[in-house]
Amino acid sequence: MRRILCLLAVLVFATSTFAKAPSAIEKRVKEIVGSRAKILSVEPLPIKGLYMVFLKGARGVGGFMMSEDGNYVILGRLLNVKNPKHPEDVISKLAKKKGYLKPPEPKKVDMSKIDLKNAPRIGKKGTPSIVLFFDPTCPFCKKELSTLQKMVENNEISFYPKYFIVHGPRARAIAEKAECIREAYGNKAYFDYILSGKAPKKEPKCNKKEISKRIDRDTKEARELGITGTPTWIYKGRMYVGYRPESELKRVIDKGKKK
5 MRRILCLLAV LVFATSTFAK APSAIEKRVK EIVGSRAKIL SVEPLPIKGL YMVFLKGARG
65 VGGFMMSEDG NYVILGRLLN VKNPKHPEDV ISKLAKKKGY LKPPEPKKVD MSKIDLKNAP
125 RIGKKGTPSI VLFFDPTCPF CKKELSTLQK MVENNEISFY PKYFIVHGPR ARAIAEKAEC
185 IREAYGNKAY FDYILSGKAP KKEPKCNKKE ISKRIDRDTK EARELGITGT PTWIYKGRMY
245 VGYRPESELK RVIDKGKKK
């Protein structure tokens, strides 16, 4: 009888400790991410004292592993190698079980709120066109622009460059100069400057006042559309947040063509 009571005591203690761990972790996660992401769930992992925190943010579902005390975060994969020839991805399996692997439906956008009439269009008319909101000092924006440059040169797409200045006066100055170079010297010079910082030797002549107004208008549009980060691009009335490789861009465009 005494042994049974002792066993019950251990089980009660273990259950209460387990119950407290997720709430302690949730509190710490809220301190870290604030309102930028929503906690979907906190799940125990096969390693004692380690939990998986699933979050939902602007780019979809993600997460990280966290220690029971909330003081340590582990980024990356957790593999079960009991069978070394066929290691099992513990996090992916758990995410699939919870139904988190399905990508979120891109947000609908009211295209009437975007001024394309007074915006420059880079690329051949008649090709699928996207609207790109970006900050010229954002590294992932440059990666996206590099991909778009290649696709524009292959006559696969065209795009409207829209500026969402989030990194201060330096970013603003680069945007204004880039547009001035584009107006004076064309798209190649524009890409050379905005991607590599290579400016023409001769100072370009342009309507700086109008360019400044357009950049103000772009940033206002971005805020009204609820855009919070860069790059963000819009195609067929749908918003896609974050950098996408060429294969993903082509997949979205091909899907849009079928509609």
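Numbers given in my numbering equal positions in the sequence shown, counted from 1, plus 4.
Here a beta-carbon is modelled for each residue, glycine too, at the ideal position from N, C-alpha and C.
- Within the DSSP secondary-structure output, R176 pairs in no beta bridge.
- Per DSSP, reduced to three states, the secondary structure at N191 is helical.
- The beta carbons of E228 and K111 sit about 13 Å from each other, so the pair does not count as a contact at 8 Å.
- The C-alpha of V77 lies about 7 Å from the C-alpha of S71.
- F138 is positioned such that its CB atom lies no closer than 7 Å to that of P204.
- Judged by pairs of C-beta atoms under 8 Å, the stretch 95 to 106 does not touch the stretch 207 to 219, as fewer than three such pairs exist.
- Judged by their CB atoms, G260 and Y244 are not nearer to each other than the 7 Å cut-off.
- If you draw a straight line from the Cα of F144 to the Cα of G246, it is about 8 Å long.
- The count of Cβ pairs closer than 8 Å, one atom from the stretch 144 to 161 and one from the stretch 196 to 210, reaches three, so the stretches are in contact.
- When the beta-carbon positions are compared, S162 and G127 come within less than 7 Å of each other.
- Between L44 and F58, the C-beta gap is smaller than 7 Å, which places the two residues in contact.
- Taking 7 Å as the cut-off, the Cβ atoms of I29 and G61 do not count as close.
- Per DSSP, the beta bridge partners of F137 are K166, T236.
- By the Cβ-count criterion, I215 is buried, with 16 or more other Cβ atoms from all chains shown falling within 10 Å of its own Cβ.
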